[in-house]
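K.L.:
Attaching a single structure in structure tokens format; questions to follow.
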Amino acid sequence: MTPTEIQAKIREIMQREPRFSEEAYAFVANAVTFTVGRLPSHRHVSALELLGGVHDYAKQEFGVLAYEVLYEWGIRSASDVGRIVYLLIGSGLLSASKDDAPEDFEVDFKLADPPVAPGTQQAFPPKID
1 MTPTEIQAKI REIMQREPRF SEEAYAFVAN AVTFTVGRLP SHRHVSALEL
51 LGGVHDYAKQ EFGVLAYEVL YEWGIRSASD VGRIVYLLIG SGLLSASKDD
101 APEDFEVDFK LADPPVAPGT QQAFPPKID
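FYI, the working numbering numbers position 70 of the sequence shown as 70, with every residue one higher than the one before it.
Structure follows, in structure tokens:
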């Protein structure tokens, strides 16, 4: 599928589910590729593995701004990631196994670290990569 075809499918999805930005759909699709790509062999990933990949990919792409970027795009919880994943599956851009379900994303999972308010001190100094 060409990038233009993918973009067209995402725009079709957005007509049904406009609460997420176009960037959110592309980000989650890229996070799936990122997550699968760091496995030792190509295989299906679970919802929790994907959520870990979303967290790591957001940190890699946006650093300390990850929380704000995801929030701006409408991605505020694990269930939001699940909703996007299943919309992408419905459009044919991703696939799922018969054992997968949207409810797999109904977990408490921190996708990114929220910003620290000015004047407050973190419990631990930030790690510099």
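All C-beta atoms, glycine included, are put in the ideal place defined by N, C-alpha and C. As the structure is a computational prediction, the values presented were derived from the model and not from experiment.
What is the DSSP secondary structure of M1, reduced to helix, strand or coil?
P.N.:
coil
K.L.:
So, helix, strand or coil for I84, using DSSP?
P.N.:
helix
K.L.:
Tell me, please, whether the CB atom of V28 is closer than 8 Å to any CB atom in chain C?
P.N.:
The displayed structure is made up of one protein chain only, and chain C is not part of it.
K.L.:
Kindly indicate the opening and closing residues of the alpha helix (DSSP H) around L70.
P.N.:
66-73
K.L.:
Taking the alpha-carbon positions, what's the A31 to S95 distance?
P.N.:
14 Å
K.L.:
Return yes when the Cβ of F20 is within less than 8 Å of the Cβ of G135, no when it is not.
P.N.:
It is not possible to answer for residue 135, since the shown part of the chain is limited to 1 through 129.
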